[in-house]
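Below is one structure, written out as structure tokens; the observations come after it.
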Amino acid sequence: MDIQVPKVDGRARKGFVHDVIDGDTGERIGTLECGCGMRLPNMRQPGRTISLFGGRHCGCFETHAECVAFARGVESVINSDRLDQAPRASQRPLRLP
Numbered sequence: 081m082d083i084q085v086p087k088v089d090g091r092a093r094k095g096f097v098h099d100v101i102d103g104d105t106g107e108r109i110g111t112l113e114c115g116c117g118m119r120l121p122n123m124r125q126p127g128r129t130i131s132l133f134g135g136r137h138c139g140c141f142e143t144h145a146e147c148v149a150f151a152r153g154v155e156s157v158i159n160s161d162r163l164d165q166a167p168r169a170s171q172r173p174l175r176l177p
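Convert by adding 80 to the 1-based position in the sequence shown; the result is the number in the numbering used here.
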């Protein structure tokens with residue numbers, strides 16, 4: 081699995097929804113919704129929401145790099161689950177001399 085998060089221009093990113101695709105299959109696996117982040121006196125609300133696999137994995141972030149890092153984390157978990165399900169070759173026990 082190769083999750084590809086689209087790079088969005090920060091100057092014109094209000095209210096757009098972009099597809100997140102799997103680079104291996106070309107299928108749409110989620111969305112990246114870009115809005116305007118809101119500033120409060122003590123904190124800032126994130127302006128990007130990424131949702132993967134029908135909302136099973138979602139998060140809100142301020143930067144593109146944070147969205148990509150989140151997608152890479154989900155990707156690594158899914159890839160490790162696939163490795164656990166794969167049949168393993170039987171190994172003989174090693175004997176030390």
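Glycine is no exception: its CB is placed at the ideal position from the N, C-alpha and C atoms.
Asked, Found
"Exposure label - residue 110; buried when at least 16 CB within 10 Å", "buried"
"Length of the line joining the Cα atoms of residue 157 and residue 128", "22 Å"
"Neighbourhood of residue 102 by C-beta, 7 Å cutoff - its chain only, sequence neighbours within 5 removed", "81, 82, 83 and 109"
"Cutoff 8 Å; reference residue 96; Cβ partners in own chain excluding five residues on either side", "88, 113 and 114"
"Residue 128 (DSSP reduced to helix, strand or coil)", "strand"
"Own chain residues within Cβ distance below 6 Å of residue 147, not counting five before or after", "85, 128, 130 and 141"
"Cβ pair residue 135, residue 150 closer than 8 Å", "no"
"Extent of the continuous beta strand (DSSP E) to which residue 139 belongs", "137-141"
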